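Trainee: Submitted below is the structure of interest, expressed as structure tokens.
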Ligand SMILES: NC(=O)C1=CN([C@@H]2O[C@H](COP(=O)(O)OP(=O)(O)OC[C@H]3O[C@@H](n4cnc5c(N)ncnc54)[C@H](OP(=O)(O)O)[C@@H]3O)[C@@H](O)[C@H]2O)[C@@H](O)CC1
Ligand SMILES: [K+]
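Numbering (full-length UniProt numbering), first residue to last: 1 to 462.
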């Protein structure tokens, strides 16, 4: 599956300007946007009476086109507006709408409610005179649909600038925008539809989509299918979760180095108690995971040093990140192989205390500064690469917020990293498999359930 691009408001404006310069007028783009949105609305919500709120910019222009299309299809459509159109395209879209336009303060509610107030041009919170009727009308509707973005959401950062109701559907144009996937905005979007309006959307940032994976060839042997080494520290249960996850994510050989939590560990995991230095010298090892259950004492530091000195591709998580945050981060920049760091928000703040801005911008900065692939975890996990590529995951089930699920992700990524030269690809694929396994495991999942669901998630990628 080819992942869809994500463009910021400025990038989308530039893509739109390029299409206009190449000969497609804004009016045509708006007509396409409105027609595509009207089709999606009818498909998703049927033909119930609807109220469309139109703003002063081109988002409002889209709203007038939608109103005309839905009315042509025989629907009962009313329009309410905030201000007069401020662009020629929006003015001509309004002129082509033959029905009445009420001020928003007088608008009567309808079961189908369409928000075309503000899109990528919103730069400040909606003022109180708009927010009041906006929220009241939303609460009185049965189905709520946003055009491009819910009004009140910043396009690029995931920030909510003023109160936004939850939507059942958001129809966007040309490409996804960061706030469609970044929290907290992402949770208000409902289902996402991207309509093609003939604007070429090119970006180094994509959504994390289902990866394409290969079944092993008959010529493979276990080491070539991926040899992942997992270092166990003070709390061996966490490393055991990583090891079991690495095996079920398709690694051919997983070695757990250190004291293992015996009863839990699959028999297929090879256990090597004792010091890792010699074992890690094995050139067949494709990836080393360190951090889950590592601890922060003397032995933990020795294990992390051994991993760093091994010059193998590393996946670093949990306690390994906390130790690195004490000043060892620069050591990673010198590594031959790009390491993968998988911090959650707390670990991220320790590693990069001065980072500000959107989660996407922060992850890209962290990748640039460390030379590592960053997997900034959360409901809206962002993966960023030092070369400027990044990817954002669709919201994973909130049930993932439970002990051990991060250890499972580390094991999955280590397995995938052990067979590829692309740490960015391994990280993105790992995040997708982890989220999909969570969906398959269902409510009240525990980390162990994710491991059980990994083969089914992988089967969807073959
Ligand atoms: N990309 C594409 O290819 C295509 C994009 N299309 C559509 O265009 C949309 C972008 O249009 P846009 O740039 O006109 O911005 P939009 O969101 O309508 O708002 C700007 C207006 O609102 C005003 N305003 C802002 N904040 C405000 C506030 N809090 N309270 C009150 N007013 C506020 C602002 O005024 P100002 O800030 O200048 O004072 C300005 O007048 C995009 O989302 C998509 O739907 C399609 O039509 C065609 C192809
Ligand atoms: K909108």
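Beta carbons: idealized from backbone N, C-alpha and C, even for Gly. The structure displayed is predicted, hence computed values, not measured ones.
1) According to DSSP, is residue 115 part of a helix, a strand, or is it coil?
2) Would you call the segment 36-55 in contact with the segment 106-121, where contact means no fewer than 3 C-beta pairs closer than 8 Å?
3) State the DSSP-derived secondary structure class of residue 107, mapped to helix, strand or coil.
4) When burial is assigned at 16 or more other CB atoms within 10 Å of the CB, is residue 97 buried or exposed?
5) Kindly provide the ranges of any alpha helix (DSSP H) runs that are 4 or more residues long and lie completely inside the segment 351-380, ordered along the chain.
6) Just to confirm my understanding: we take residue 545, look at its own chain, exclude 5 residues before and 5 after, and list those with CB closer than 8 Å. What are they?
7) Alpha carbon to alpha carbon, how far is residue 377 from residue 108?
8) Report yes if the C-beta distance between residue 213 and residue 150 is below 8 Å; otherwise report no.
9) Tell me the DSSP secondary structure of residue 470 in three-state form.
10) On the three-state DSSP scale, how would you describe residue 253?
11) Taking the alpha helix (DSSP H) that residue 134 falls in, what are its first and last residues?
12) Is residue 30 near ligand 1, in the sense that its beta carbon is under 7 Å from a heavy atom of that ligand?
13) Which residue comes first and which comes last in the beta strand (DSSP E) that contains residue 478?
14) Applying the criterion that 16 or more other CB atoms from any shown protein chain within 10 Å of the CB defines a buried residue, is residue 85 buried or exposed?
15) Using a 10 Å radius around the Cβ and a threshold of 16 neighbouring Cβ atoms, would you call residue 347 buried or exposed?
16) Count the other CB atoms, across all protein chains shown, that sit within 10 Å of the CB of residue 59; report buried if there are 16 or more and exposed otherwise.
17) Classify residue 30 as buried or exposed, calling it buried when 16 or more other Cβ atoms lie within 10 Å of its own Cβ.
18) Thinking just about the alpha-carbon of each residue, which of 194, 198, 218 and 268 is nearest to the one in residue 228?
19) Measuring only the C-alpha atoms, how far is residue 135 from residue 333?
20) Judging by CA-CA distance, which residue of 180, 389 and 410 is the nearest neighbour of residue 314?
21) Where does residue 397 sit, in a helix, a strand or coil, going by DSSP?
22) Considering only DSSP beta bridges, list what residue 290 is partnered with.
23) Going by alpha carbons, who is nearest to residue 196 out of 4, 421 and 459?
24) Is residue 64 helix, strand or coil when you go by DSSP?
25) Enumerate in chain order the residues of its own chain whose CB-to-CB distance from residue 182 is below 7 Å, with the five nearest sequence positions on each side excluded.
26) With H, G and I counted as helix, E and B as strand and the rest as coil, what does DSSP make of residue 84?
27) Would you call the CB atoms of residue 153 and residue 143 closer than 8 Å?
28) Would you tell me roughly how many angstroms separate the C-alpha atoms of residue 550 and residue 137, rounded to the nearest one?
29) Using a Cβ-Cβ cut-off of 7 Å (strictly less than) and excluding sequence neighbours within five positions of residue 37, which residues of its own chain qualify?
30) Give the range of the beta strand (DSSP E) segment to which residue 384 is assigned.
31) What residue range is occupied by the uninterrupted beta strand (DSSP E) comprising residue 54?
32) Can you check DSSP and say which residues form a bridge with residue 391?
Mentor: From the atom records:
1) If you number the chain shown from 1, residue 115 lands on position 115. Strand.
2) yes
3) Along the chain shown, read from residue 1 onward, the residue named residue 107 stands at position 107. If DSSP states are grouped into helix, strand and coil, residue 107 belongs with coil.
4) Locating residue 97 in the chain shown gives position 97, counting from the first residue. Label assigned to residue 97: buried.
5) 359-370
6) The shown model of the chain, from 1 to 462, leaves out residue 545, and the question about it has no answer.
7) Counted from its first residue, the chain shown places residue 377 at position 377. Counted from its first residue, the chain shown places residue 108 at position 108. Distance between the alpha carbons of residue 377 and residue 108: 43 Å.
8) Here the question's residue 213 lines up with position 213 in the chain shown. Here the question's residue 150 lines up with position 150 in the chain shown. Taking 8 Å as the Cβ cut-off, residue 213 and residue 150 do not qualify as a contacting pair.
9) In the structure as shown, the chain starts at 1 and stops at 462, and residue 470 therefore has no counterpart that could be examined.
10) Along the chain shown, one-based indexing puts residue 253 at 253. Residue 253 falls in the strand class under three-state DSSP.
11) Here residue 134 refers to the residue found at position 134 when the chain shown is read from its first residue. From DSSP, the alpha helix (DSSP H) with residue 134 extends over 128-139.
12) Here residue 30 refers to the residue found at position 30 of the chain shown. Yes, Cβ of residue 30 sits closer than 7 Å to a heavy atom of ligand 1.
13) Past the boundaries of the shown model lies residue 478; the chain is included only from 1 to 462, so the question cannot be answered.
14) Within the chain shown, the letter at position 85 stands for residue 85. Classification for residue 85: buried.
15) For the purposes of this step, residue 347 is identified with residue 347 of the chain shown, where counting begins at 1. With 16 or more other Cβ atoms within 10 Å, it is buried.
16) Position 59 of the chain shown, counting from 1, holds the residue named residue 59. Buried is the call here.
17) Within the chain shown, numbered from 1, the residue matching residue 30 stands at position 30. When all chains shown are included, residue 30 counts as buried.
18) As a position in the chain shown, residue 228 is number 228, starting the count at 1. Measuring from the Cα of residue 228, the nearest candidate turns out to be 268.
19) Indexing the chain shown from 1 puts residue 135 at position 135. Indexing the chain shown from 1 puts residue 333 at position 333. When rounded, the distance between both Cα atoms is 49 Å.
20) Position 314 of the chain shown, counted from the first residue, corresponds to residue 314. Closest option to residue 314, Cα to Cα, is 410.
21) By one-based count along the chain shown, residue 397 stands at place 397. Here residue 397 sits in coil by DSSP.
22) Residue mapping note: residue 290 aligns to position 290 of the chain shown, counting from 1. Note: residue 290 sits in a beta bridge opposite 316.
23) Here the question's residue 196 lines up with position 196 in the chain shown. It is 4 whose Cα lies nearest to the Cα of residue 196.
24) By 1-based counting over the chain shown, the position of residue 64 is 64. Note: residue 64 maps to helix in three-state DSSP.
25) Locating residue 182 in the chain shown gives position 182, where the first residue counts as 1. Within the same chain, residue 182 has close Cβ partners 157, 158, 358, 359, 360, 380 and 392.
26) One-based indexing of the chain shown puts residue 84 at position 84. Under the three-state reduction of DSSP output, residue 84 falls in the coil class, being neither helix nor strand.
27) Looking up residue 153 in the chain shown gives position 153. Looking up residue 143 in the chain shown gives position 143. No, the Cβ-Cβ distance between residue 153 and residue 143 is not below 8 Å.
28) The requested residue 550 does not occur in the structure, where the chain is confined to residues 1 to 462.
29) In the chain shown, counting from the first residue as 1, residue 37 sits at position 37. Result list for residue 37: 62, 66, 147, 171 and 195, in chain order.
30) To locate residue 384, count along the chain shown from 1; it is residue 384. 382-384 is the extent of the beta strand (DSSP E) around residue 384.
31) For the purposes of this step, residue 54 is taken as the residue at position 54 of the chain shown. Residues 50-54.
32) In the chain shown, the residue the question calls residue 391 occupies position 391. Paired residues: 206 and 383.
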